[in-house]
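The structure appears below as C-alpha cells.
2 protein chains.
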Amino acid sequence: MKALCHKNKKICIEEKPVPAPKETESLIKVTLAGVCNTDIEIVKGYMGFEGTLGHEFVGVVEKSSDTSLIGKRVVSDINCACGECETCRRGHPHHCPHREVIGIVKKDGAFATYITAPTKNLVVVPDTCPDQIAVFAEPVAAALEIQEQVKLKQDEAICVLGDGKLGLIIAMTLANAGFDVTLVGHHPERLSRLGQNMVNYATQALDQIFTTVIEATGNPQGLITAQKIVLPKGKIILNSTYHEGFNFNPALIVINEIEITGSRCGPIDKAVALLSSGEVDPSTLIDKTYPLSEGVQAIAKATEKGVLKVLLDTTQ
Amino acid sequence: MKALCHKNKKICIEEKPVPAPKETESLIKVTLAGVCNTDIEIVKGYMGFEGTLGHEFVGVVEKSSDTSLIGKRVVSDINCACGECETCRRGHPHHCPHREVIGIVKKDGAFATYITAPTKNLVVVPDTCPDQIAVFAEPVAAALEIQEQVKLKQDEAICVLGDGKLGLIIAMTLANAGFDVTLVGHHPERLSRLGQNMVNYATQALDQIFTTVIEATGNPQGLITAQKIVLPKGKIILNSTYHEGFNFNPALIVINEIEITGSRCGPIDKAVALLSSGEVDPSTLIDKTYPLSEGVQAIAKATEKGVLKVLLDTTQ
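For the record, the sequence lines run as chains A and B. 1 is the number of the first residue of the first sequence in this note's numbering; add one for each residue after it. 1001 is the number of the first residue of the second sequence in this note's numbering; add one for each residue after it.
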C-alpha cells in the first residue's frame, strides 16, 4: 500500500505492507484524510515523530474482533491509551503516559491506504454524514474540548484569536452553542466559511474587553497578544503547539491573575454527533483535495499562506 | 524625612517633605518595612517605577479622617483602587486599571519615615502581633491568595518550587491549612525556618507526581520545571514576576492540558488574622535589619545569594 512518510524532516510516498491489527485493534481502509498544522510542525521536528503522517481521517472497517463494525464507516480517537495505568484509571486516557498517538507518537498515521486503530477508539459515522464532513471529527472534537474544560458563561464576551482552520472551527462550535464570539484575524472574507454560524469579526483585538480569549493563531505570538487583551481575572485557552519556543514574559499573567488552560484532544463521539446533526459544517473550509499519490504536494499546499483545509483522497 | 528612592536603575537615600494625605488617605509613620524581590526587580527596570520603594510595612496612623485609627498600628493593602470603575464594581479592586500600587505603580512606597495610604486599605494590627511579624502581612496575603483562587483538595500532593522567601511563606500557609506540601529547593537547612509547620523537602522534583505545582523560585526557569513535573490535567500557580522574558515553549501546557493561574496580591485582613493567631510565624525568615539610613546597603544585602528577609527600621 502507499503511505506518506516522514523521516528526518523529509517526506515521501513509500510502498509499505498493509499493517496487521493487534487483537484489540481494527484494520481500517482509509477513504479521506485531512492535513493539520501538527503534521506541518512534525515535518519541522515537533515530537520527533518518524513514520506515516496523518491523524484526521475517516475510513471503512475491514477487519475487527468486533464483527458488528466490519463494513462500517468510522472515525477514531487518536490517543491509544493502555487503559490500565494510574492516569487511565483516574479517567484521563488522553493523557496515558504509555499512549501511542496516531500519526504523532509511536504509531503510523492515516495518510495511507490502510491504518490500524484500537477498536475501542472507533466511532461509527451515521450515513447522513458524508466523508467530507466526517473527516473533521478530530479537529471538531478538539474544539469541543474547550467547553468540556472551561466553564464558559452564556453572556460572556469570548474572543477567538486567529481565523485559520482551528480558529474557524472553534468559532463555529462556540457560536453554535450560543456564545457571543468575536473572531480576530486578517481574513474577513473567511466569515463566509462559517456557514450559518454567526460571529463578530475584527481585524484587531481591542485591549481588555474579553473575559475569555482562545488562542488559535498557530503562532507563538498569539499567547502574548492574548495576555494583553484578556480582562484581569480572565481566561486564556491555549490550543496550538509548536516545535520552537519563543521569548515570553508571564508578568501580565501574574499581575492580572489570568488563568491559562491548555486544550488538546476532545470527545470524538460528541464531534460525530454534532457533525451528523448538520449544525456545524466545516467542509466549507476545504480548499483542495489531492490523491494520496500526490501527498508531498498536498503538504506543500497546506503550508502555503492563506490555504485552509487540504484533504487527501487515500483511495487514489 | 528620609526616603529610599529609585530613579533610572539607581537607588539613594533622599531628603523629602512629609507627604500630605488626600481626604480619603491616612498619614502613617512607618516603623518597619521589608525588602521584597519585586523591589529588586524594580531596580532592574520592572514596571518602570521611579520614586520611593517599598510595599511591605507596618506603621502607626498619625493623621486620618477616621479618627478611631489615629495612634493605631496598621498594615495596608498595597492596591489603591478607584472604587468606581467597571473592574472595581465587578469586585476586583486589586485589578482596577486606574490603581496606584504602593511602591510599585505611581505611588511612593514605605521605605521612608512616612507614607500615605487609602484609609479603606488599612487593617489594624492586634497588640499580640509584634512589628517583626506584622511586617509580613503583605507577602502572607499573597500566599493566602492561592487558596482563594484555586480549589485545592486536602489529599492532593502539592509541590512548592523554590525555598526562597516567597516559597517558604507559601509552604507555611499551606502546611498550616493542612495540605500535604513538598518544598523543592537547594537549601534543606531552611526547613528549620518553617517553625512548627511540617512539610516534606526535596532537592530535586520528581517528574509528574504532583497535581498542583506552585512556582515560587523567583527564576523564569521555574515555569519550565513546573510544566515538566506537574501531572497531566494538573495545576500550576505562578507567583513571580520578572523584568525580563525567557525562551518558553508552552507545548507541554497544551499536550498535558495543564491549567496555569497567575497569583498576586491577596486578602490582607486574613493575613493579619493568621499572623496574629501565631499559627504562622515568618519572622524566622529575617536575616538582618538595617536602619533606613543604610537602605542602599539593605537592598544590596537582599540581592545577595542565600539571604532571606532583610528589613528596614524606618525610625532610624
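Every residue, glycine too, gets a C-beta built ideally from N, C-alpha and C.
beta-carbon residue i near the ligand GTP non-hydrogen atom, thresh 7 Å
i: Val1125 of chain B; result: With respect to the ligand GTP, the structure shown offers nothing to examine, as it has no ligands at all.
Straight-line Cα distance separating residue j from residue i
i: Thr1212 of chain B; j: Ala1143 of chain B; result: 15 Å
i: Glu985 of chain B; j: Ile1028 of chain B; result: The displayed coordinates of chain B run from 1001 to 1316. Any statement about residue 985 of chain B would go beyond what the structure contains.
i: Ile13 of chain A; j: Cys5 of chain A; result: 6 Å
i: Leu1032 of chain B; j: Ala1003 of chain B; result: 13 Å
i: Asn200 of chain A; j: Cys80 of chain A; result: 38 Å
i: Gly164 of chain A; j: Gly51 of chain A; result: 26 Å
i: Pro1017 of chain B; j: Met1001 of chain B; result: 6 Å
i: Ala1298 of chain B; j: Ala205 of chain A; result: 44 Å
i: Cys85 of chain A; j: Met1198 of chain B; result: 31 Å
i: Val150 of chain A; j: Glu1259 of chain B; result: 10 Å
i: Glu156 of chain A; j: Leu174 of chain A; result: 12 Å
i: Gly103 of chain A; j: Gln132 of chain A; result: 20 Å
i: Val1124 of chain B; j: Asp77 of chain A; result: 58 Å
i: Asn1256 of chain B; j: Lys1007 of chain B; result: 43 Å
i: Glu23 of chain A; j: Gly109 of chain A; result: 19 Å
i: Phe1049 of chain B; j: Val1105 of chain B; result: 6 Å
i: Ile1268 of chain B; j: Ala1177 of chain B; result: 17 Å
i: Pro232 of chain A; j: Gln1221 of chain B; result: 24 Å
i: Glu1056 of chain B; j: Phe248 of chain A; result: 28 Å
i: His172 of chain A; j: Leu194 of chain A; result: According to the sequence shown, residue 172 of chain A is Met rather than His. Met172 of chain A and Leu194 of chain A: Cα-Cα distance of roughly 6 Å.
i: Ala1020 of chain B; j: Thr1119 of chain B; result: 13 Å
i: Tyr46 of chain A; j: Lys1288 of chain B; result: 50 Å
i: Asn37 of chain A; j: Leu311 of chain A; result: 12 Å
i: Leu122 of chain A; j: Pro139 of chain A; result: 15 Å
i: Arg1190 of chain B; j: Val1060 of chain B; result: 32 Å
i: Val1030 of chain B; j: Leu1292 of chain B; result: 11 Å
i: Gly1054 of chain B; j: His1187 of chain B; result: 27 Å
i: Gly1245 of chain B; j: Thr1303 of chain B; result: 20 Å
i: Ile1224 of chain B; j: Cys96 of chain A; result: 21 Å
i: Ala137 of chain A; j: Leu274 of chain A; result: 9 Å
i: Thr182 of chain A; j: Ala202 of chain A; result: 7 Å
Cutoff 8 Å: residue i Cβ touching any chain A Cβ
i: Pro1232 of chain B; result: yes
i: Glu1156 of chain B; result: no
i: Arg1099 of chain B; result: no
i: Val1254 of chain B; result: yes
i: Glu1084 of chain B; result: no
i: Arg1264 of chain B; result: yes
i: Asn1079 of chain B; result: no
Contact list for residue i against chain A, beta-carbon separation under 8 Å
i: Glu1244 of chain B; result: Asn249
i: Ser1276 of chain B; result: Residues of chain A passing the Cβ test: none, with the nearest at roughly 26 Å.
i: His1092 of chain B; result: Pro232 and Lys233
Expected contact under 8 Å - CB spacing of residue i and residue j to nearest Å
i: Ile1253 of chain B; j: Ile1214 of chain B; result: In fact, because the Cβ distance is near 16 Å, the residues do not count as touching under 8 Å.
i: Pro58 of chain A; j: Ala134 of chain A; result: According to the sequence provided, residue 58 of chain A is Val. The question's Pro does not apply to it. 4 Å between Cβ atoms; contact.
i: Ala1216 of chain B; j: Leu1285 of chain B; result: Ala1216 of chain B to Leu1285 of chain B, Cβ: 13 Å. No contact.
C-beta neighbour in chain B for residue i, strict 8 Å
i: Arg89 of chain A; result: no
i: Glu56 of chain A; result: no
i: Thr261 of chain A; result: yes
i: Gln149 of chain A; result: yes
i: Leu166 of chain A; result: no
i: Gly239 of chain A; result: Here the sequence assigns Asn to residue 239 of chain A, which means Gly is not the residue at that position. True, the Cβ-Cβ gap to chain B drops below 8 Å.
i: His6 of chain A; result: no
7 Å Cβ cut-off: residues of chain B touching residue i
i: Glu138 of chain A; result: Within chain B, no residue comes near Glu138 of chain A; the closest Cβ sits about 15 Å away, beyond 7 Å.
Proximal residues of chain A, C-beta to C-beta of residue i below 7 Å
i: Ile1329 of chain B; result: Residue numbering for chain B in the displayed model covers 1001 to 1316; residue 1329 of chain B lies beyond these limits and cannot be assessed.
Under 8 Å by beta carbon: chain B residues contacting residue i
i: Leu223 of chain A; result: Pro1250
Contact list for residue i against chain A, beta-carbon separation under 9 Å
i: His1095 of chain B; result: Leu231, Pro232, Lys233, Ile255, Asn256 and Glu257
* Report yes or no: do three or more beta-carbon pairs, one from the stretch 63-74 of chain A and one from the stretch 93-113 of chain A, lie closer than 8 Å? => Contact fails: fewer than three Cβ-Cβ distances are below 8 Å.
* Could you say if the stretch 1262-1281 of chain B and the stretch 238-247 of chain A meet the contact criterion of at least three C-beta pairs nearer than 8 Å? => In this structure the stretch 1262-1281 of chain B does not touch the stretch 238-247 of chain A; the number of beta carbon pairs closer than 8 Å is below three.
* Asked: With a cut-off of 8 Å, do at least 3 Cβ pairs link the stretch 1278-1286 of chain B to the stretch 68-76 of chain A?
  -> Segments in contact, no.
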